[in-house]
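Visitor: Handing you this structure, nothing more for now.
Protein chains in written order, with the UniProt record's numbering: chain A, 1 to 340; chain B, 1 to 340.
Encoded structure:
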């Protein structure tokens with residue numbers, strides 16, 4: 001049987017997790033919360049004391065008691081790493097394997113969560129389940145941007161260490177590890193130019209709003225302006241039929257017939273959807289690398305997935321080590337051009 | 001501080017786990033074990049009593065005290081499923097995703113372990129680490145047969161529920177879930193015959209001694225005899241160079257030039273190593289299915305990976321439910337032919 005203080009503490013933590021009180025929000029005065037919970041002011045004060053000691057709430061004169069909005073990392077042992085990611089694509093599979101390798105070295109268990117569908121709310125649900133089962137060090141591989149990722153802040157407040165992979169976050173509650181997309185696009189454009197391409201075509205999905213793709217497209221547009229290359233962005237639906245893909249590919253091939261052109265795919269699947277064979281006059285380039293690209297004669301960009309996984313796990317360890325002094329950081333990796 | 005009884009109990013459990021005493025082995029008499037551990041006979045008797053109550057040892061007159069060799073399943077809650085498997089190949093990735101789906105439905109955590117290299121001893125090491133951290137329901141995707149898998153028996157005795165996937169076991173300490181390889185080979189041979197093939201060539205690895213491959217090859221040889229087809233087994237090293245693969249593929253193509261022939265690949269990677277394009281006179285068939293096979297014009301066999309993952313998790317639940325009444329079972333699944 002939990003003591004009254006524990007019950008009040010758990011109830012308030014639950015309300016914070018559920019989003020009733022956001023980071024920085026003011027909490028009810030002790031007297032009011034005692035009425036709300038049918039307990040005494042002494043009980044509420046004790047619960048507040050404990051939550052303050054845990055870094056979940058702060059007492060600020062003259063503002064009263066607020067939910068914390070500075071993110072102290074939890075400093076407990078790294079016994080398990082929670083990894084929230086999709087599968088089974090080869091790139092994600094290799095990432096999972098690399099994180100598993102790091103966990104073995106640290107003698108930590110790897111707890112895997114696969115959101116289906118891969119949306120922010122599903123990721124959050126898995127994260128909450130892991131956190132309540134004691135998995136308090138999480139690596140989250142970003143999902144669709146149509147989700148307020150700041151709700152992950154609440155997990156941070158409740159003592160969860162967070163690293164986001166391949167997902168640029170709007171807040172400072174998680175470390176970021178990912179590809180240096182700007183450098184990647186710059187390297188591919190330079191290579192395309194050196195290969196004789198006169199016109200650059202960036203192909204992105206029309207219906208996949210993830211940060212990585214958005215960053216790559218922005219970098220493409222910026223690099224065009226910088227280098228004075230001719231170019232354009234073309235969008236294709238992820239759900240395009242085979243006939244639509246053929247038509248789209250034929251249009252791109254027509255561009256190559258006018259002048260040597262380069263198609264830069266936002267990732268490997270988009271090029272694989274479009275092309276089965278090399279096309280004369282059309283160089284293929286990809287911000288990604290899978291063995292099948294070689295058959296298309298495409299230039300790929302190999303992401304150092306092992307080093308990126310290590311950086312993510314290391315970031316969790318740093319969070320634990322720094323505790324109250326932790327500040328969110330960004331760690332970007334350069335890729336390596338791979339010729340077919 | 002642990003009591004003396006607990007210390008003795010833990011020491012003996014450790015010795016069983018380390019293999020000093022195997023299932024069915026006789027343990028030292030109480031007096032002798034007391035001397036060995038520098039404790040009293042009363043302490044050892046209490047430790048033996050507790051281990052007997054936990055089903056780890058049995059007292060048999062007139063044989064004395066032995067390590068258990070009947071496998072009672074542990075009946076605790078299914079809070080987490082440990083999955084020991086390789087990644088990142090697409091087939092294993094899909095299996096992991098399917099197990100993850102089952103875990104979410106049961107509100108269990110999925111703890112993933114990837115042995116590197118993928119050998120029995122590495123698998124066992126991961127299994128022991130999981131078990132000692134409280135993950136006591138394990139699905140193990142088999143590895144090389146050059147390992148005495150019976151050492152997993154000891155884990156069973158210490159209260160771990162086990163399901164082996166895609167790995168025929170020599171013992172009765174785990175449930176088995178996998179493909180019905182005999183039916184799969186029979187279906188592929190019948191299809192090849194119906195397609196007009198007169199000569200059947202089974203291609204296997206020369207240096208990968210896993211049960212699945214061995215079963216498939218045996219089934220091929222048995223089916224040849226049954227159906228009166230002409231045929232042969234050809235072996236290729238997993239580490240073959242591109243030049244060796246081309247030479248090997250040319251030899252197979254020559255067989256097709258003599259008479260319409262069918263090449264049955266033990267799995268998809270072996271065919272993908274050999275062929276990039278369809279070959280006249282040579283039908284390609286595969287005990288496996290990946291999308292890339294369509295480009296080879298190969299007939300694949302789709303394994304019902306979702307149903308197999310469900311069966312594995314369900315087997316763990318059954319073990320928990322049956323407890324002392326559990327008996328190892330075999331669950332084999334039929335595949336479905338997929339034309340290119």
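Glycine included, C-beta positions come from ideal geometry on N, C-alpha and C.
With a floor of 4 residues, list each alpha helix (DSSP H) that falls wholly inside the segment 117-146 of chain A, ordered by position along the chain.
Guide: As far as the segment 117-146 of chain A is concerned, its whole alpha helix (DSSP H) runs of at least 4 residues are 120-132.
Visitor: Would you list the residues sitting across from residue 285 of chain A in a DSSP beta bridge?
Guide: What you label residue 285 of chain A is simply residue 285 of the first chain in a count that begins at 1. BP columns for residue 285 of chain A point to A:264, A:299.
Visitor: According to DSSP, what are the bridge partners of residue 80 of chain A?
Guide: The count along the first chain starts at 1 and reaches residue 80 of chain A at position 80. Partner(s): A:109.
Visitor: Are any of the Cβ atoms in chain B nearer than 7 Å to that of residue 59 of chain A?
Guide: Taking the first chain and counting its residues from 1, the one referred to as residue 59 of chain A is at position 59. So, not an interface residue.
Visitor: Would you tell me roughly how many angstroms separate the C-alpha atoms of residue 330 of chain A and residue 289 of chain B, rounded to the nearest one?
Guide: Sequence index remark: in the first chain, residue 330 of chain A carries index 330 (1-based). Sequence index remark: in the second chain, residue 289 of chain B carries index 289 (1-based). So the two alpha carbons sit approximately 40 Å from each other.
Visitor: What does DSSP give as the partner residues of residue 66 of chain B in its beta bridges?
Guide: For the purposes of this step, residue 66 of chain B is identified with residue 66 of the second chain, where counting begins at 1. DSSP output for residue 66 of chain B lists B:26, B:58 as bridge partner(s).
Visitor: Hey, how far is the Cα of residue 111 of chain B from the Cα of residue 198 of chain B?
Guide: Counted from its first residue, the second chain places residue 111 of chain B at position 111. Counted from its first residue, the second chain places residue 198 of chain B at position 198. Taking the straight line joining both Cα atoms gives about 48 Å.
Visitor: Please report the Cβ distance between residue 23 of chain B and residue 67 of chain B, rounded to the nearest whole angstrom; I am assuming they are in contact, meaning their Cβ atoms lie under 8 Å.
Guide: For the purposes of this step, residue 23 of chain B is identified with residue 23 of the second chain, where counting begins at 1. For the purposes of this step, residue 67 of chain B is identified with residue 67 of the second chain, where counting begins at 1. Rounded, the Cβ-Cβ distance is 5 Å, consistent with contact.
Visitor: Got a sec, what are the start and stop residues for the beta strand (DSSP E) residue 175 of chain B sits in?
Guide: Position 175 of the second chain, counted from the first residue, corresponds to residue 175 of chain B. Unbroken beta strand (DSSP E) run through residue 175 of chain B: 175-179.
Visitor: With DSSP as the reference, label residue 336 of chain A as helix, strand or coil.
Guide: The residue given as residue 336 of chain A occupies position 336 in the first chain. In the structure shown, residue 336 of chain A sits in a strand (DSSP, three-state: E or B).
Visitor: Among residues of its own chain, excluding the 5 on either side of residue 80 of chain B, which ones have a beta-carbon nearer than 6 Å to its beta-carbon?
Guide: As a first step, residue 80 of chain B must be located in the second chain, where it is residue number 80. Same-chain partners within the cutoff: 108, 109, 111, 135.
Visitor: Would residue 233 of chain A and residue 275 of chain A qualify as a contact pair, given that the criterion is a beta-carbon distance under 7 Å?
Guide: By one-based count along the first chain, residue 233 of chain A stands at place 233. By one-based count along the first chain, residue 275 of chain A stands at place 275. Not a contact, by the Cβ cut-off of 7 Å.
Visitor: Looking at C-beta atoms only, is the number of pairs between the segment 156-165 of chain A and the segment 4-21 of chain A that lie closer than 8 Å three or more?
Guide: Taking 8 Å as the limit for Cβ pairs, the verdict is that the segment 4-21 of chain A does touch the segment 156-165 of chain A.
Visitor: Do residue 286 of chain B and residue 256 of chain B come within 7 Å of each other at the CB atom, strictly closer than that value?
Guide: As a first step, residue 256 of chain B is located in the second chain; it is residue number 256 there, counting from the start. As a first step, residue 286 of chain B is located in the second chain; it is residue number 286 there, counting from the start. No, these two residues do not count as a Cβ contact at 7 Å.
Visitor: Taking residue 71 of chain A as the reference, which of A:132, A:253, A:218, A:171 has the closest Cα?
Guide: Translated into positions along the first chain, residue 71 of chain A becomes position 71. When only C-alpha atoms are compared, the closest one is A:171.
Visitor: Suppose only complete runs of 3+ residues qualify. What are the beta strand (DSSP E) ranges in the segment 213-269 of chain B, listed by chain order?
Guide: Complete beta strand (DSSP E) runs here, min 3: 230-236, 261-265.
Visitor: Assign residue 88 of chain A to buried or exposed, taking buried as 16 or more other Cβ atoms, counted over all protein chains shown, within 10 Å of its Cβ.
Guide: Taking the first residue of the first chain as 1, we reach residue 88 of chain A at position 88. Classification for residue 88 of chain A: buried.
Visitor: Using a Cβ cut-off of 8 Å, pull out every chain B residue sitting near residue 94 of chain A, in sequence order please.
Guide: The residue given as residue 94 of chain A occupies position 94 in the first chain. 87, 88, listed in chain order.
Visitor: Which residue marks the beginning of the beta strand (DSSP E) containing residue 203 of chain A, and which one marks its end?
Guide: For the purposes of this step, residue 203 of chain A is identified with residue 203 of the first chain, where counting begins at 1. Per DSSP, residue 203 of chain A belongs to the beta strand (DSSP E) from 199-205.
Visitor: CB of residue 168 of chain A to nearest heavy atom of the ligand NAD: below 6 Å?
Guide: Ligands are entirely absent from the displayed structure, and the ligand NAD is therefore not among its contents.
Visitor: Since residue 313 of chain B is in the alpha helix (DSSP H), which residue starts that stretch and which ends it?
Guide: Walking along the second chain from the start, residue 313 of chain B turns up at place 313. Start and end: 305-322.
Visitor: Does any C-beta atom of chain D lie closer than 7 Å to the C-beta of residue 114 of chain B?
Guide: The structure shown contains no chain D; the protein chains it does contain are A and B.
Visitor: What residues from the segment 128-142 of chain B come within 8 Å of chain A, judged by C-beta to C-beta, listed N to C?
Guide: Flagged, chain order: 129, 130, 133, 135.
Visitor: Would you kindly check if the distance between the Cβ of residue 223 of chain A and the Cβ of residue 186 of chain A is under 7 Å?
Guide: Reading the first chain from its first residue, position 186 is the one you call residue 186 of chain A. Reading the first chain from its first residue, position 223 is the one you call residue 223 of chain A. Yes, these two residues count as a Cβ contact at 7 Å.
Visitor: Buried or exposed for residue 323 of chain A, please, with buried defined as at least 16 other CB atoms from any protein chain shown within 10 angstroms of its CB.
Guide: As a working note, residue 323 of chain A is residue 323 in the first chain. Burial call: exposed.
Visitor: Going by beta carbon distance, what residues of the same chain come within less than 6 Å of residue 33 of chain B, once the five residues before and after it are set aside?
Guide: As a first step, residue 33 of chain B must be located in the second chain, where it is residue number 33. If we look at residue 33 of chain B and ignore the five residues flanking it on each side, its Cβ neighbours are 44.
Visitor: Taking 8 Å as the cut-off, does the segment 289-309 of chain A touch the segment 94-109 of chain A (at least 3 CB pairs, one atom from each stretch)?
Guide: Yes, the segment 94-109 of chain A touches the segment 289-309 of chain A.
Visitor: Select from A:40, A:209, A:243, A:98 the residue whose C-alpha is nearest the C-alpha of residue 168 of chain A.
Guide: Taking the first residue of the first chain as 1, we reach residue 168 of chain A at position 168. Nearest C-alpha to residue 168 of chain A: A:209.
Visitor: Specify, as a first and last residue, the run of the alpha helix (DSSP H) that residue 8 of chain A falls within.
Guide: Here the question's residue 8 of chain A lines up with position 8 in the first chain. Per DSSP, residue 8 of chain A belongs to the alpha helix (DSSP H) from 4-17.
Visitor: On the DSSP letters alone, give me the boundaries of the alpha helix (DSSP H) that residue 151 of chain A sits inside.
Guide: Within the first chain, residue 151 of chain A is the residue found at index 151, counting from 1. From DSSP, residue 151 of chain A is part of no alpha helix (DSSP H); its letter is neither H nor E.
Visitor: How far does the beta strand (DSSP E) with residue 163 of chain B in it extend, from its first residue to its last?
Guide: Residue numbering aside, residue 163 of chain B sits at position 163 when the second chain is read from its first letter. It spans 161-165 - the beta strand (DSSP E) in which residue 163 of chain B sits, taken as one unbroken run.
Visitor: Could you tell me how far apart the beta carbons of residue 140 of chain B and residue 84 of chain B are, in whole angstroms, since I believe they sit closer than 8 Å?
Guide: Position 140 of the second chain, counted from the first residue, corresponds to residue 140 of chain B. Position 84 of the second chain, counted from the first residue, corresponds to residue 84 of chain B. So it is a contact: roughly 5 Å between Cβ atoms.
Visitor: List the whole-angstrom C-beta distance separating residue 278 of chain B from residue 296 of chain B, where the pair is believed to meet the contact cut-off of C-beta under 8 Å.
Guide: Numbered from 1 along the second chain, position 278 holds the residue referred to as residue 278 of chain B. Numbered from 1 along the second chain, position 296 holds the residue referred to as residue 296 of chain B. With 8 Å as the limit, residue 278 of chain B and residue 296 of chain B qualify as a contact, their Cβ atoms being about 6 Å apart.
Visitor: Considering only the beta carbon of each residue, do residue 263 of chain A and residue 284 of chain A sit closer than 7 Å?
Guide: For this step, residue 263 of chain A is matched to residue 263 along the first chain. For this step, residue 284 of chain A is matched to residue 284 along the first chain. Closer than 7 Å, so yes.
Visitor: If you measure between the beta carbons of residue 51 of chain A and residue 9 of chain A, is that distance less than 7 Å?
Guide: The residue you call residue 51 of chain A lines up with position 51 of the first chain. The residue you call residue 9 of chain A lines up with position 9 of the first chain. Yes. Within cutoff.
Visitor: Would DSSP call residue 290 of chain B helix, strand or coil?
Guide: The residue given as residue 290 of chain B occupies position 290 in the second chain. Correct three-state label for residue 290 of chain B: coil.
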